[in-house]
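Structural data, given as structure tokens:
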């Protein structure tokens, strides 16, 4: 008898739960980064959750975000993740592709199954995704050059530090940087070094370049790798940066870099809107799925240009996790 | 070693050529000479210590892996162990457990992963390649899982001292990691050449069957070398973390290849039974001198991997040729 009561009451609870869960229709969006081991994606994830929360409050739908991906950057593994979420019949997918071609097939399969797919951060232009939300890396590179010239003047030797040679986004940034520098005949890019996305190797090559080119005036760090290391690890660069003998512009706007900018080691930052990767992607998916809006092939996510003048606003944005308020102008 | 040294009569003048390491030492010397002439910066004390510091953690781990390779094994987990040990220490430091405990924790985790490697190889009889491939992935997964992908920063100055301090000797500053490397090199070298344990390590690699028949507990020897390799790798990982002041979960990715290459360039035979610590040290130095040299020369970054690969192959070919001529090779 006791057991019977237990089973019946459990059944009733279960029915009640499923009934309440069914009331508002739930929409599930999968938000898939390149890798789970890269911290910049976590901010995007928070943005995605934030927008889902806002939209759920607004009603009439409930929104759920599926934050899934391969642990490390791996196109094959990522394709499997996409297949998984298609099998789970999600209502929309936003993905940052590890490889433009390797993901075409699974993206098209998802679209054929009736699931709208959009790309963010890294595109797969030949797939049937309905739009791409991304930064214009080429323009970012040009901005970096402008920031550097503003700081160091129109004369002198500069060097570039890249991650893995051949990575499309990094190459685009450097292409933009070179284009902008070309307008100044007295500025010469003397060397380009690679650190293979490794902090240790980054620190090492920066110091080597500081030795090989004692007259160096400017640096363009195409990513922030060596800046993750603590002060004291790059004595030559630090000394020159503090003495305003060498000026450095870097990509990204993580808190470490903002701190260095405030302390005077860096003179400018060009950052992607990580928060928007999630926040805007979910917003676009919502507008597409619920409202049936049409979108252009490419949506520029814009960039944050940070200098000494507006660095405090950016630091505040990180503290409050509020990236919606526009930054004050950099100059 | 063995009887092949005396196979060929040599004049006394060329006696030094019979030393195993002289070939690669010559290569290192030629490389350095070329770079000293070609660049104004190579032969400065700043640069030399910069190079020495840069390969110190690779070399320390390579001391460990050379022991493993001498027994005929391999350890692919070294890169991950470097990252994990540095990370554990960094996390313990951030939890205010103090320098001593944190450093001990990092070293023990390295030794522990090494011990597991040893167990898998000697007790579970897994091929070393497979066993350490597995632990490489497990250790890396822990790095990601424990941090959620974020690097651990803001370590205390007292810890960074180990990686950033230069000991002033005769007016020049010798980086602490370099001193640690030299001390450990001497200790491991003595261990391999002057103790029964060392003799047994060579014996296991030379002919495992014969070693077992002569009463050597080969399983225990393997357990020992893998554990020591883990421990030494952890020392390297900690020094690197102290130098950078940050422990990234992605740190030291792919370093296993650099570490293995250092040992092999240094004359450690992948088939086991052969190798010296001095050779490993020179091997690690060659790798770093090549890398730094390329940057100092302004060699295009995109072509550097090819150039480094080609020079390594040429260097090994030269060394093999020399050994054959001297009758040092079977």
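Protein chains in written order, with this note's numbering: chain A, 1 to 331; chain B, 1001 to 1330. For every residue, glycine included, the Cβ atom is placed at its ideal position computed from N, Cα and C. These numbers come from a predicted model, not from an experiment.
| query | result |
| --- | --- |
| Where are the alpha helix (DSSP H) runs, 4 residues long or more, that stay fully inside the segment 1067 to 1098 of chain B, in chain order? | 1078 to 1094 |
| In or out: residue 73(A) buried (at least 16 other Cβ within 10 Å) or exposed? | buried |
| Is there a C-beta anywhere in chain B that falls below 9 Å from the one on residue 248(A)? | no |
| On the premise that residue 259(A) lies in contact with residue 1054(B), defined as a C-beta separation below 8 Å, what is that separation, rounded to the nearest angstrom? | 26 Å between Cβ atoms; not a contact. |
| Using a Cβ-Cβ cut-off of less than 8 Å, give me the residues of the segment 1175 to 1186 of chain B that come near chain A, in sequence order. | none |
| For residue 1173(B), count neighbouring C-beta atoms within 10 Å of its own C-beta (all shown protein chains included) and say buried if the count is 16 or more, exposed if not. | exposed |
| Within the chosen definition, does the segment 1197 to 1208 of chain B reach the segment 1043 to 1050 of chain B through at least 3 CB pairs nearer than 8 Å? | no |
| Pair every Cβ in the segment 1249 to 1266 of chain B with every Cβ in the segment 215 to 229 of chain A, then say whether three or more of these pairs are closer than 8 Å. | no |
| Indicate whether at least one CB of chain B lies closer than 9 Å to the CB of residue 196(A). | yes |
| Please report how far the alpha carbon of residue 1292(B) lies from the alpha carbon of residue 1125(B), in whole angstroms. | 41 Å |
| Please list, in chain order, the chain A residues whose beta carbon lies closer than 7 Å to that of residue 1276(B). | None at all; the shortest Cβ gap to chain A is about 27 Å. |
| Could you check where the beta strand (DSSP E) with residue 1173(B) kicks off and where it finishes? | 1172 to 1175 |
| For a test of the three-state rule: what should DSSP assign to residue 295(A), helix, strand or coil? | coil |
| Mapping the DSSP letters down to three states, classify residue 118(A) as helix, strand or coil. | strand |
| Beta-carbon within less than 8 Å of residue 1191(B)'s beta-carbon, same chain only, minus the 5 sequence neighbours each way: which residues are those? | 1197 and 1198 |
| I'd like the span of the beta strand (DSSP E) that includes residue 27(A), first residue to last. | 26 to 32 |
| Mind listing which residues of the segment 1213 to 1247 of chain B have their C-beta closer than 7 Å to chain A's C-betas, in chain order? | 1240, 1243, 1244, 1245 and 1246 |
| Flag this pair as yes or no: are the beta carbons of residue 231(A) and residue 1245(B) separated by less than 9 Å? | yes |
| Which whole-angstrom value is the C-beta distance of residue 1035(B) and residue 1029(B), which I expect to be below 8 Å? | Actually they do not touch by this definition, with Cβ atoms about 11 Å apart. |
| Exposed or buried, residue 3(A), counting other C-beta atoms within 10 Å across all chains shown (16 or more means buried)? | exposed |
| Starting from residue 79(A), trace the alpha helix (DSSP H) in both directions and tell me its first and last residue. | 75 to 87 |
| For chain A, is any of its Cβ atoms less than 9 Å away from the one on residue 1151(B)? | yes |
| Using a C-beta to C-beta distance shorter than 7 Å, which residues of chain B count as neighbours of residue 323(A)? | Per Cβ cutoff of 7 Å: no residues; residue 323(A) is ~18 Å from chain B at best. |
| Are at least three pairs of beta-carbons, each pair with one atom in the segment 1241 to 1259 of chain B and one in the segment 1071 to 1089 of chain B, less than 8 Å apart? | yes |
| Which residues in the same chain have their Cβ closer than 7 Å to the Cβ of residue 43(A), if we skip the five residues on either side of it in sequence? | 274 and 275 |
| Does chain A have any CB closer than 9 Å to the CB of residue 1062(B)? | no |
| Apply the 10 Å Cβ neighbour rule to residue 1209(B) and answer buried if 16 or more other Cβ atoms are within range, or exposed otherwise. | exposed |
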